[in-house]
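For what it's worth, our numbering labels the leading residue of the sequence shown as -13, then goes sequentially.
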Amino acid sequence: MLVRVLSLAMRCGVCAFTISSAKRVLCNRERGAALLGSKATGRIVVVTTAAIPWRTGTAVNPALRAAQLAADTQHQVVLVVPFVPIEDQWLIFPEGVTCSTPQQQEVIIKAWAREHSGLQDVDFQVLFYAARYYPASRCIFATEDVCRLLPQEEVCNV
């Protein structure tokens, strides 16, 4: 079931899903916080196929969604994004911008989200998966199993 949810997440470009005690899975691109409710608790995982500082819709929208969900709900929010090697970063990031480590890119993602969301506190976790950029398709593809990054004790019964 988890693989199907992640597959849906990849097709949507950005998908927010929460794993609660009821093991409900919600996916909505437009009304995430409204559907989840501000009083509910749990974990929201936003999975995407691009990351800031690449300024494409599949990088920008999930970063803003994670920041807003973290601010509007009591959920723990996790943004799952690709980390591409420096030789690929030269092809997709703005000129002169590279990240030698995922931690360096996390700082950039959170600073960008803070600046562009207008929120002072962007309290979400960033989780990276290994990926490569393929110029022929202009896409980033995972080079590891993204499902293995998620806490298995929480998702095994979804």
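The beta-carbon is built from N, C-alpha and C at its ideal position, and this holds for glycine as well.
Predicted, not measured: the structure shown is a model, and the values here were computed from it.
Below 8 Å on the Cβ atoms is my contact criterion, and I expect residue i with residue j to pass it. Report the Cβ-Cβ distance as a whole number of Å.
{"i": "residue 110", "j": "residue 63", "result": "4 Å"}
{"i": "residue 151", "j": "residue 50", "result": "Residue 151 is absent from the structure shown; the chain starts at -13 and stops at 144."}
{"i": "residue 36", "j": "residue 80", "result": "Incorrect: roughly 13 Å between the Cβ atoms, too far for contact."}
Within 10 angstroms of the Cβ of residue i, are there 16 or more other Cβ atoms? Answer buried if so, exposed if not.
{"i": "residue 198", "result": "The chain is shown from -13 up to 144; residue 198 falls before or after that span and cannot be answered."}
{"i": "residue 127", "result": "exposed"}
{"i": "residue 93", "result": "exposed"}
{"i": "residue 117", "result": "buried"}
{"i": "residue 137", "result": "exposed"}
{"i": "residue 89", "result": "exposed"}
Leaving out five residues before and five after residue i in sequence, what residues of the same chain have Cβ atoms less than 7 Å from its Cβ?
{"i": "residue 105", "result": "53, 57"}
{"i": "residue 135", "result": "66, 113, 115"}
{"i": "residue 83", "result": "39"}
{"i": "residue 75", "result": "84, 85"}
With a threshold of 6 Å on Cβ separation, who are the neighbours of residue i within its own chain once the five nearest residues in sequence on each side are excluded?
{"i": "residue 73", "result": "none"}
{"i": "residue 107", "result": "none"}
{"i": "residue 100", "result": "108"}
{"i": "residue 205", "result": "The chain is shown from -13 up to 144; residue 205 falls before or after that span and cannot be answered."}
Sort out for me which residues DSSP pairs residue i with in a bridge.
{"i": "residue 68", "result": "115"}
{"i": "residue 63", "result": "30"}
{"i": "residue 126", "result": "119"}
Within this structure, are the beta carbons of residue i and residue j separated by less than 8 Å?
{"i": "residue 120", "j": "residue 78", "result": "no"}
Report all residues from its chain with a CB closer than 8 Å to the CB of residue i; omit the five preceding and five following residues, and keep chain order.
{"i": "residue 86", "result": "72"}
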